[in-house]
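From first to last, the protein sequence lines stand for chains E and U.
Per the working numbering, residue 1 is the first one in the first sequence, and the count goes up by one each step.
Per the working numbering, residue 136 is the first one in the second sequence, and the count goes up by one each step.
Ideal Cβ positions, reconstructed from N, Cα and C, are used throughout, including at glycine.
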Amino acid sequence: MADELKFPTNGARADRDSLDESLTALIRDAYAPPDGDVYWAGLEQRIMARVASETSADTAWWSVLAPWGRPALIAAAAIFAVAGVINQQLVDSDDQLAYESAFQSSTPEVVSASDEIISVERGTDGATISYFLSH
Amino acid sequence: MRIPDEERALAEAARAGDREAFAGLVRLHQRRAYLVARAIVTVHEDAEDAVQEGFVRAWQAIDRFDPSQGFAAWVNRIVANAALDITRRRKVRSTEELSDALRSPFRDPAEDAELKSRLAEALAQLPERARSVIVMHDIEGFTHVEIGEMLGIPGGTARSDLHHARQKLRTLLMDLRG
Numbered sequence: 001m002a003d004e005l006k007f008p009t010n011g012a013r014a015d016r017d018s019l020d021e022s023l024t025a026l027i028r029d030a031y032a033p034p035d036g037d038v039y040w041a042g043l044e045q046r047i048m049a050r051v052a053s054e055t056s057a058d059t060a061w062w063s064v065l066a067p068w069g070r071p072a073l074i075a076a077a078a079i080f081a082v083a084g085v086i087n088q089q090l091v092d093s094d095d096q097l098a099y100e101s102a103f104q105s106s107t108p109e110v111v112s113a114s115d116e117i118i119s120v121e122r123g124t125d126g127a128t129i130s131y132f133l134s135h
Numbered sequence: 136m137r138i139p140d141e142e143r144a145l146a147e148a149a150r151a152g153d154r155e156a157f158a159g160l161v162r163l164h165q166r167r168a169y170l171v172a173r174a175i176v177t178v179h180e181d182a183e184d185a186v187q188e189g190f191v192r193a194w195q196a197i198d199r200f201d202p203s204q205g206f207a208a209w210v211n212r213i214v215a216n217a218a219l220d221i222t223r224r225r226k227v228r229s230t231e232e233l234s235d236a237l238r239s240p241f242r243d244p245a246e247d248a249e250l251k252s253r254l255a256e257a258l259a260q261l262p263e264r265a266r267s268v269i270v271m272h273d274i275e276g277f278t279h280v281e282i283g284e285m286l287g288i289p290g291g292t293a294r295s296d297l298h299h300a301r302q303k304l305r306t307l308l309m310d311l312r313g
């Protein structure tokens, strides 16, 4: 038996395995696109209406932000500059503290001398307190 | 591949943001895109939705389109993906639903009613992909490679699907004819 469907008639075949021409015609008819230019013009309009709404949605998004673009850039630059200055000051302060801390720990006699001065300035009444502060 | 000058010009203008040019591309390719979508989703309304969604996605991605390639192949892939998304959301499997789908308002309902009913019954029993492949190849004339690209499968798989789908359709219709 031939590998072919005779339904309803046998016709020419595009390739050895192809379906019968009449069956192909039936399927083609079942899947045929809508006929008439009016339908396709309408579909094109609906597609382009959606494209336009997508475009306007994009435009609206940018148009809301656009006026704020320049001020936002200036503000961001100012904030960045201020942050940089503050950061530099903090670094300098840390360096100073680190320097002082290192200097004090390496010269205990200076600390003792300053404590002596404090105790002399406070007089003999504070001698006991000065003693505890300096030790 | 030879790209018609008109299409190339429209595609380049559309890439530059010209909506009128994109409308020209829609006009040129919407019928073919509809056939691709219809082969996948079966139902006319879903095919129409897939075409609309596909062209909107194409517009959104137009800056990624290479005008030296064919616009039809590019947009048909996008429409096919939109149609596959719809089939994943809406499964039309029953014979009744497919029969209704094939009784579209664009044809005479009295014409070949029995044959159409039997055909619809047979097509409904094919797996979705096999049905899409047989319609795309035997009705729309796409190659196995083109079908593979649109459905996201190798060309050889499309060829194999086509062979099995034809065999099954023959068997089903012969059984129906008893």
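Given a cut-off of 8 Å on the beta-carbon distance, is the pair residue i and residue j in contact?
{"i": "U/K251", "j": "E/A30", "result": "yes"}
{"i": "U/R150", "j": "U/F200", "result": "yes"}
{"i": "U/R253", "j": "U/L308", "result": "yes"}
{"i": "U/T193", "j": "U/I175", "result": "The identity of residue 193 of chain U in the sequence shown is Ala, whereas the question assumes Thr. No, the Cβ-Cβ distance between U/A193 and U/I175 is not below 8 Å."}
{"i": "U/V186", "j": "U/M271", "result": "no"}
{"i": "U/G205", "j": "U/I138", "result": "yes"}
Mapping DSSP to helix, strand and coil, what is residue i?
{"i": "U/A293", "result": "helix"}
{"i": "E/A98", "result": "helix"}
{"i": "U/W178", "result": "Before going on, a small fix: residue 178 of chain U reads as Val here, not Trp. Three-state DSSP puts U/V178 in coil, outside helix and strand."}
{"i": "E/S18", "result": "coil"}
{"i": "E/A25", "result": "helix"}
{"i": "U/Q260", "result": "coil"}
{"i": "E/P33", "result": "coil"}
{"i": "U/E275", "result": "coil"}
{"i": "U/D153", "result": "coil"}
{"i": "U/A217", "result": "helix"}
{"i": "U/S203", "result": "coil"}
Cβ closer than 8 Å: which chain A residues qualify as neighbours of residue i?
{"i": "E/V82", "result": "Protein chains E and U are contained in the structure displayed, whereas chain A is not."}
Would you say residue i reaches chain U, if we count a Cβ-Cβ gap shorter than 8 Å as a contact?
{"i": "E/V38", "result": "no"}
{"i": "E/D95", "result": "no"}
{"i": "E/E44", "result": "yes"}
{"i": "E/S18", "result": "yes"}
{"i": "E/I27", "result": "yes"}
How many whole angstroms separate the CB atoms of residue i and residue j, which I take to be in contact at a CB cut-off of 8 Å?
{"i": "E/T24", "j": "U/I274", "result": "7 Å"}
{"i": "U/A146", "j": "U/L160", "result": "7 Å"}
{"i": "U/V280", "j": "U/A300", "result": "17 Å between Cβ atoms; not a contact."}
Should residue i be flagged as near chain E, meaning a C-beta pair shorter than 8 Å?
{"i": "U/V214", "result": "no"}
{"i": "U/E249", "result": "no"}
{"i": "U/V227", "result": "Interpretation of U/V227 is limited by its pLDDT of 48, a score under 50 that renders its predicted location unreliable; the figure taken from the coordinates is listed afterwards. No, because no Cβ of chain E sits closer than 8 Å to the Cβ of U/V227."}
ask   = Along the region 261–293 of chain U, what residues have a CB closer than 7 Å to any CB found in chain E?
value = V270, D273 and I274
query = What are the residues of the region 144–157 of chain U that lie near chain E, defined by any Cβ-Cβ distance shorter than 8 Å?
reply = R154 and F157
key: Short-range partners of chain E found in the region 182–203 of chain U, where Cβ spacing is below 8 Å   = E183, V186, Q187, F190, V191, W194 and Q195
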